[in-house]
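In terms of the numbering used here, the numbers along the first sequence are unbroken and rise by one, the last being 617.
Note sheet for the following structure.
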Amino acid sequence: MNLALKPSTKKIALVDCNNFYISVERVFNPALVNKPVVVLSNNDGCAVARSQEAKDLGIAMGAPYFKLKQKITQYSIEVYSSNYVLYGDMSARVMATLSHFSPDVEVYSIDEAFIDLSWLSGDELKKYATAIRRTIMMWTGIPVSIGIAPTKTLAKVANRVAKRQPQHHGVFVYPHTEPDKKTVLDTIAVEDIWGIGRQYSIWLRSNLINDAFELKNTPEWLIQPKMGIVGIRLLRELNGISCLSLELQPKSKRATCVSGSFSHPIKTLEQMKEAIATHTTSAGAKLRKQKQSTTAITVFILTSKFKDNYYSNSITITLPIATNRTPELINAAIRGLELIYRDGYEYKKAGIICQGLIPQNIRQGNVFLQDYSSDKQQRLMETIDRLNATMGRNTVFWGVSGINKSWIAKRDNLTSRYTTSWSELPIVKASLPSD
DNA sequence: TCTGGGGTCCTAGGACCC
DNA sequence: TCTGGGGTCCTAGGACCC
């Protein structure tokens with residue numbers, strides 16, 4: 183047998199926060215416990231998180247808000263705009279808690295982490311994971327589910343079992359014997375496997391591969407032509423052969439994107455310039471925080487795809503020198519915008535993507551241009567970032583970004599940033615019992 | 001009136017080079 | 001009829017994830 187195909191002996195745990203955004207809202211507003219709650223996407227567009235009670239009422243992931251309004255009134259569903267500052271801060275607390283339990287933590291997303299527990303014996307796993315779960319609840323108030331298996335893909339499967347089957351109390355260890363594995367994999371529909379999305383599940387089902395057990399036993403030659411190397415890896419992971427290792431160092435980003443829908447359509451170039459300049463300003467701040475510079479900037483604009491007269495366009499501007507300075511970025515973005523903007527359309531969304539990111543300390547000189555490194559410009563950017571960090575976002579901004587910003591996204595039901603803003607600390611209202 | 005945002009990886013195909 | 005071969009780099013588009 184090929185050495186690389188040896189079954190994994192690792193014990194990988196996937197720790198996943200239950201209904202994360204909802205759980206965060208509940209930490210700061212316990213009255214929401216046991217009630218149907220929905221959190222909306224940016225611009226209050228559609229439902230991105232639902233409590234179990236809301237799921238039971240048939241609120242689908244991604245359902246547009248305007249289609250939900252009737253149900254929301256009918257069942258008194260609580261609705262919140264997404265509060266990413268608060269969710270990000272609570273996420274960091276959960277991840278910090280995990281690092282007390284394993285030296286090897288891969289933060290996979292805002293609400294999930296893979297951790298290595300390979301040093302534990304099979305018998306100790308359940309007890310240890312239960313302790314993790316209890317500690318996270320105690321320190322942060324967030325409920326989690328934990329699935330443990332020899333590969334990441336199987337840990338995802340185990341996590342699903344932990345979450346769906348209450349008898350396991352939120353912790354499930356993937357079994358060792360073949361019949362037990364079959365029992366678990368039989369319950370996982372093919373579209374619920376990590377890495378199988380809409381297109382692949384349609385194809386798999388048309389080939390009579392309907393669940394994880396059937397996929398596990400499909401020969402590689404059948405999968406390869408359609409799903410390529412990704413499919414082969416997935417198949418092997420299901421068979422206990424590790425193809426995806428733990429990524430302990432966060433990889434530096436290859437691209438950074440800032441985009442957004444408008445509260446109402448933009449119909450003039452002037453307003454669009456404001457929007458693009460605003461997004462570009464955020465992107466610049468992101469790049470500087472990541473200590474990266476960009477070599478190219480893509481501008482894109484589009485109208486609603488749900489309406490007639492659809493128009494979308496994009497353009498990529500290559501920068502003569504990699505930069506993360508807002509004025510240079512805005513110049514390039516506006517230049518791009520002017521090339522793709524057409525009058526007579528109602529634009530619904532716009533954004534920019536910075537690509538070809540490189541570490542900001544590597545500065546590739548261009549012999550035709552003077553190099554501006556480490557001069558007043560650099561100090562100016564640092565000062566602006568510091569002011570905005572300490573005195574609030576947009577304390578200092580560029581005039582071209584506009585002042586009114588009537589197009590800015592809606593967030594009508596926003597909770598406070600309880601953990602990161604002194605002015606928004608939770609208020610405890612105490613009243614003395616009257617006799 | 002109202003349909004998210006920010007990412008990753010992989011592949012195919014074209015341009016270009018020797 | 002014939003159209004080198006091998007390699008790299010870049011880009012666009014598809015599929016997926018949370």
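Even for Gly, the Cβ is constructed at its ideal location relative to N, Cα and C.
Check                                                                                                              : Outcome
Where Phe202 falls, given that 16 or more other Cβ within 10 Å makes a residue buried                              : buried
Exposure label - Lys433; buried when at least 16 CB within 10 Å                                                    : exposed
Through-space distance from Asn211 to Lys338, alpha-carbon basis                                                   : 30 Å
Same chain only: Cβ atoms within 6 Å of Gly244, ignoring 5 sequence neighbours per side                            : Cys228
Sequence-distant residues of the same chain with beta carbon closer than 8 Å to Pro608, five excluded per side     : Phe210, Ser598 and Tyr600
Whole-Å CB distance - Leu420 paired with Lys398, under 8 Å assumed                                                 : 4 Å
Distance, Asn495 Cα to Ile328 Cα                                                                                   : 44 Å
Buried/exposed call for Val289, threshold 16 Cβ in 10 Å                                                            : buried
Beta carbon of Ile204 nearer than 8 Å to that of Ser233                                                            : yes
Alpha-carbon to alpha-carbon, Ser605 and Lys487                                                                    : 40 Å
Secondary structure of Leu569, DSSP reduced to three states                                                        : helix
Thr407 (DSSP reduced to helix, strand or coil)                                                                     : Note that residue 407 corresponds to Pro in the displayed sequence, not to Thr. In the structure shown, Pro407 sits in a helix (DSSP, three-state: H, G or I).
Beta-carbon proximity of Lys587 to Thr460, cut-off 8 Å                                                             : yes
Burial state of Asp198, where buried means 16 or more other Cβ atoms lie within 10 Å                               : buried
CB contact flag (Ile458, Leu539, <8 Å)                                                                             : no
Where Asn646 sits in the DSSP three-state scheme                                                                   : Nothing about residue 646 can be reported from this structure: the residues present for the chain run from 183 to 617 only.
Cβ pair Tyr269, Asn595 closer than 8 Å                                                                             : no
Span separating the alpha-carbon of Leu280 from that of Tyr492                                                     : 47 Å
Own chain partners of Pro541 with C-beta closer than 7 Å, once the 5 adjacent residues on each side are dropped    : Lys473 and Gln474
Residue of Ile414, Ala213, Val220 and Asn224 minimising C-alpha distance to Ala591                                 : Asn224
Buried or exposed by the 16-neighbour rule on C-beta atoms within 10 Å, applied to Gly466                          : buried
Close-in-space but distant-in-sequence residues of the same chain around Thr136 (CB under 6 Å, 5 per side omitted) : With the chain covering only 183 through 617, there is no way to say anything about residue 136.
Neighbour-count burial assignment, Ile375, 16 or more Cβ in a 10 Å radius                                          : buried
Distance, Ala532 Cα to Ile483 Cα                                                                                   : 4 Å
Uninterrupted beta strand (DSSP E) stretches inside the stretch 306-355 (no shorter than 3 residues)               : 326-331 and 353-355
Proximity to Leu367 [Cα-Cα], best of Ser388, Arg342 and His350                                                     : Arg342
Limits of the alpha helix (DSSP H) - the one that Tyr156 falls within                                              : Residue 156 lies beyond the residue range present for the chain, which begins at 183 and ends at 617; the question has no answer from this structure.
Close beta carbons around Asp286, own chain, < 7 Å, minus the five adjacent residues each side                     : Ile297, Asp298, Leu428 and Leu430
Endpoints, the beta strand (DSSP E) within which Ala591 is located                                                 : Per DSSP, Ala591 belongs to no beta strand (DSSP E) and is neither H nor E.
Closest Cα partner of Ile535 within the set Asn216, Leu416, Glu564 and Thr500                                      : Thr500
Proximity below 8 Å, CB of Ala437 to CB of Gln349                                                                  : no
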